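Asker:
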């Protein structure tokens, strides 16, 4: 019961999920879709039918009819309201079950992208068939079910990209918007921090400019003109978001978190965190 209460996902045993790396299940009509606020250690991919509104990373997304829904665990998400009962299927899997870099690079799971792919009747029937087959494999005793489910996940992802490619094709008005996009993408690829002994590699605008082979002044101007925020502001916001996640969802000592985020001394991290959040790391962790 504890796992279910903490995740909001019926029948999910997190220990079992970590061992196997995946879970496939049907969504009972009397239960809300498995979208609950908070950071988790697994990705979610669902086929849902209903009428609902979801808050995904601060964006309100409406789902009407049948749609595919993809959840990045680093994006806060919650069901806002539901007009009627929802039904469908969900597949939950850890980053280690699939290639972690492939997941981070996929437009469907990329931060800032729309994770909803609306389906017409024909597409919905096809996707429903795939999820039913995947569930059948999951419930069966086939020796290589993990490999087969990986193939189903990959097929669903590629079909989703084929159905709705326009939202995933990057277009740039000029060089500034292109370099700004590359910076944002590179920034997100630095996270999440998974090991305290592998500290954050890129910490400053100069670091990112070097990596992107541009002058730091050009990078700063491009990011500011495209997003309205400075390069440093983007970096600081992402570091603080990761710091909060590690403080809330890991048992690392504050000193370990400080080193993992690239701070030479824990005191530097404490001052940085307090300046940007108004509280110390220890105080934030206890709240």
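In the UniProt record's numbering, the protein residues as written are 1 to 287.
We treat Cβ as the ideally placed atom computed from N, Cα and C, and that holds for glycine.
These numbers come from a predicted model, not from an experiment.
Would you report the Cα separation of residue 31 and residue 78, rounded to the nearest angstrom?
Answerer: Summary for residue 31: the model assigns pLDDT 47, below 50, so the residue's position carries little reliability; its value from the coordinates is reported in the next sentence. If you take the alpha carbons of residue 31 and residue 78, they lie about 14 angstroms apart.
Asker: Going straight from the alpha carbon of residue 134 to that of residue 54, what length do you get?
Answerer: 25 angstroms
Asker: Residue 87 to residue 156, Cα distance in whole Å?
Answerer: 18 angstroms
Asker: Under the assumption that residue 187 contacts residue 240 (Cβ atoms under 8 angstroms), give the Cβ distance between them as a whole number of angstroms.
Answerer: That pair is no contact at about 13 angstroms.
Asker: For the alpha helix (DSSP H) containing residue 215, name the first residue and the last one.
Answerer: It is not in any alpha helix (DSSP H) - residue 215 carries neither H nor E in the DSSP assignment.
Asker: Considering Cα atoms alone, identify which of 207, 164, 257, 178 is closest to residue 192.
Answerer: Selection 207, 164, 257, 178 evaluated against residue 192 yields 257 as nearest (Cα-Cα).
Asker: Can you tell which of 164, 110, 137, 128 has its C-alpha closest to the C-alpha of residue 288?
Answerer: What is shown of the chain runs 1 to 287, which leaves residue 288 out entirely.
Asker: For residue 263 and residue 272, which I take to be in contact (beta-carbon distance under 8 angstroms), what is that distance rounded to the nearest angstrom?
Answerer: 7 angstroms
Asker: Answer with buried or exposed for residue 295, where buried requires no fewer than 16 other C-beta atoms within 10 angstroms of its C-beta.
Answerer: Since the first residue of the chain shown is 1 and the last is 287, residue 295 is not available in this structure.
Asker: The ligand GDP and residue 214: does any heavy atom of the ligand fall closer than 6 angstroms to the residue's C-beta?
Answerer: In the structure shown, the ligand GDP is absent, as is every other ligand, since no ligand is present at all.
Asker: Since residue 44 and residue 71 should fall inside the 8 angstroms C-beta cutoff, what is the C-beta to C-beta distance between them, to a whole number of angstroms?
Answerer: That pair is a contact at about 4 angstroms.
Asker: Tell me whether residue 193 sits in a helix, a strand or coil according to DSSP, three-state version.
Answerer: Of the three classes helix, strand and coil, the one that applies to residue 193 here is coil, per DSSP.
Asker: Buried or exposed: where does residue 282 fall if 16 or more other Cβ atoms within 10 Å of its Cβ makes it buried?
Answerer: exposed
Asker: Taking the alpha-carbon positions, what's the residue 288 to residue 50 distance?
Answerer: In the structure as shown, the chain begins at 1 and stops at 287. Residue 288 is therefore absent and cannot be evaluated.
Asker: Could you check where the beta strand (DSSP E) with residue 265 kicks off and where it finishes?
Answerer: Taken as a continuous stretch (DSSP letters only), residue 265 belongs to no beta strand (DSSP E), as it is neither H nor E.
Asker: I'd like to check one pair, residue 47 with residue 126: are the Cβ atoms closer than 7 angstroms?
Answerer: Contact: no.
Asker: Buried or exposed: residue 229, going by 16 or more other Cβ atoms within 10 Å of its Cβ?
Answerer: Residue burial annotation: residue 229 is exposed, with fewer than 16 other C-beta atoms found within 10 angstroms of its C-beta.
Asker: Using 8 angstroms for Cβ pairs, my map puts residue 66 next to residue 160. What's the rounded Cβ distance?
Answerer: With 8 angstroms as the limit, residue 66 and residue 160 do not qualify as a contact, their Cβ atoms being about 13 angstroms apart.
Asker: Quick check on DSSP: helix, strand or coil for residue 172?
Answerer: For residue 172, the predicted model reports a pLDDT of 49, less than 50, meaning its position is unreliable; a value from the coordinates is still stated below. Correct three-state label for residue 172: coil.
Asker: May I ask which residues mark the beginning and end of the beta strand (DSSP E) holding residue 146?
Answerer: Per DSSP, residue 146 belongs to no beta strand (DSSP E); it is in the alpha helix (DSSP H), 145-163.
Asker: Taking DSSP as the reference, what is the three-state secondary structure of residue 131?
Answerer: It is helical.
Asker: For residue 184, collect the residues of the same chain with a Cβ closer than 6 angstroms to its Cβ; drop the 5 residues on either side in sequence, then sort them by chain order.
Answerer: Taken in chain order, the list of residues that qualify is empty.
Asker: Work out the CA separation of residue 201 and residue 301 for me, nearest whole Å.
Answerer: Because the chain is modelled from 1 through 287, residue 301 falls outside the range shown and cannot be assessed.
Asker: Considering just the uninterrupted stretch of the alpha helix (DSSP H) at residue 245, what are its terminal residues?
Answerer: 231-249
Asker: Hey, how far is the Cα of residue 144 from the Cα of residue 97?
Answerer: 13 angstroms
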